[in-house]
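Residues 92 to 292 in our numbering are what the sequence shown lists, from first letter to last.
To start, the structure under review is shown below, and the notes come after it.
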Amino acid sequence: MGKQSESKSITRENLLAAFWSLYQTKSIEKITIREITQTAGYNRGTFYDYFIDIYDALDQLQDSLLDYTRIAIDEYRSNGFNQEIVEYITKIFYDRGDYFSVFLGENRDPNFPGKMKKVIKPIFYEVWGLSENSEEASIIFEFEISAIIGALSHWYKSEKRMPYEKFLSMTKSMMANGVLAELQKISNRVDTKLFKEVFNA
Numbered sequence: 092m093g094k095q096s097e098s099k100s101i102t103r104e105n106l107l108a109a110f111w112s113l114y115q116t117k118s119i120e121k122i123t124i125r126e127i128t129q130t131a132g133y134n135r136g137t138f139y140d141y142f143i144d145i146y147d148a149l150d151q152l153q154d155s156l157l158d159y160t161r162i163a164i165d166e167y168r169s170n171g172f173n174q175e176i177v178e179y180i181t182k183i184f185y186d187r188g189d190y191f192s193v194f195l196g197e198n199r200d201p202n203f204p205g206k207m208k209k210v211i212k213p214i215f216y217e218v219w220g221l222s223e224n225s226e227e228a229s230i231i232f233e234f235e236i237s238a239i240i241g242a243l244s245h246w247y248k249s250e251k252r253m254p255y256e257k258f259l260s261m262t263k264s265m266m267a268n269g270v271l272a273e274l275q276k277i278s279n280r281v282d283t284k285l286f287k288e289v290f291n292a
């Protein structure tokens, strides 16, 4: 029974690996079950022993990444929030960059960022000691998490031209001091009046 269960697990992982190899370069609409099974070395019928359809395979792959994120957040919680939250969340994305770079890339599932936010957002409330019923906190954290995801998405698309350490430093600075402070660092304008007018600061 154990060997049979292990064999099924290996088959499922092989099918997911085949799907992933195709999904990295093709939109899901252009991937066929025949391609997946041929790549994995199985017959077409085997696919349906594990997945309802191609979108189910995508969901299962995403679920494994979401589970990884939940476990990482639980470790952060159990360690007493011993790291700055923005840095920790960014590192989760960085450590699984081979997946996140695709899920946040050109062929991304538009629902994936929302799934990630649902997993990540509760820890922000906990770190700051705020109620999830607070509309003000909800807007702040939606803005903050969306900014992190958007910045990472851009970073991946630019093929990580900026070193991760600098990217992290900029991200943390923008969260702590605002976008205006970062613009002032890189702008050649000496007079900051225009910045203040544009941002109503």
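C-beta atoms are modelled at their ideal positions from N, C-alpha and C, and glycine is treated no differently.
Predicted model, so just to flag it, every value in this text is computed and none were measured.
Buried or exposed by the 16-neighbour rule on C-beta atoms within 10 Å, applied to residue i
i: S84; result: Residue 84 cannot be examined here, being either before or after the span of the chain that is shown, 92 to 292.
i: I180; result: buried
i: N202; result: exposed
i: F234; result: exposed
i: Y139; result: exposed
i: A267; result: exposed
i: M92; result: Caution is warranted here: a pLDDT of 47 is assigned to M92, below 50, making its placement in the model unreliable, and no coordinate value can be reported.
i: M253; result: exposed
i: A131; result: buried
Other residues of its chain near residue i: CB distance less than 7 Å, five sequence neighbours each side excluded
i: I183; result: T160, A163
i: S212; result: Note that residue 212 is Lys in the sequence shown here, rather than Ser. Answer for K212: F232, I236, listed in chain order.
Beta-carbon separation (whole angstroms), residue i vs residue j, contact threshold 8 Å
i: E273; j: M265; result: 5 Å
i: L113; j: Y141; result: Contact doesn't hold; Cβ gap of about 16 Å is too wide.
i: E223; j: Y216; result: 5 Å
i: E178; j: K263; result: 6 Å
i: I145; j: I124; result: 6 Å
i: F191; j: L259; result: Actually they do not touch by this definition, with Cβ atoms about 15 Å apart.
i: G196; j: K248; result: 6 Å
Cut-off 8 Å between Cβ atoms - residues of its own chain near residue i, not counting five sequence neighbours on either side
i: V210; result: L157, T160, R161, I164
i: F194; result: Q153, L156, D200, F203
i: L149; result: F110, Y114, I119, D200
i: N134; result: T128
i: E250; result: none
Element boundaries [alpha helix (DSSP H), containing residue i]
i: F232; result: 226 to 248
i: M253; result: Taken as a continuous stretch (DSSP letters only), M253 belongs to no alpha helix (DSSP H), as it is neither H nor E.
i: E178; result: 176 to 186
i: R135; result: 135 to 138
i: Q275; result: 270 to 277
i: T130; result: 124 to 131
i: S118; result: Looking at the DSSP string, S118 is not in any alpha helix (DSSP H), and its letter there is neither H nor E.
i: F172; result: Where F172 is concerned, there is no enclosing alpha helix (DSSP H), given that its DSSP letter is neither H nor E.
i: P213; result: 203 to 219
Residues near residue i in its chain [Cβ-Cβ closer than 6 Å; skip 5 each side]
i: I240; result: P204
i: I214; result: I164
i: T116; result: none
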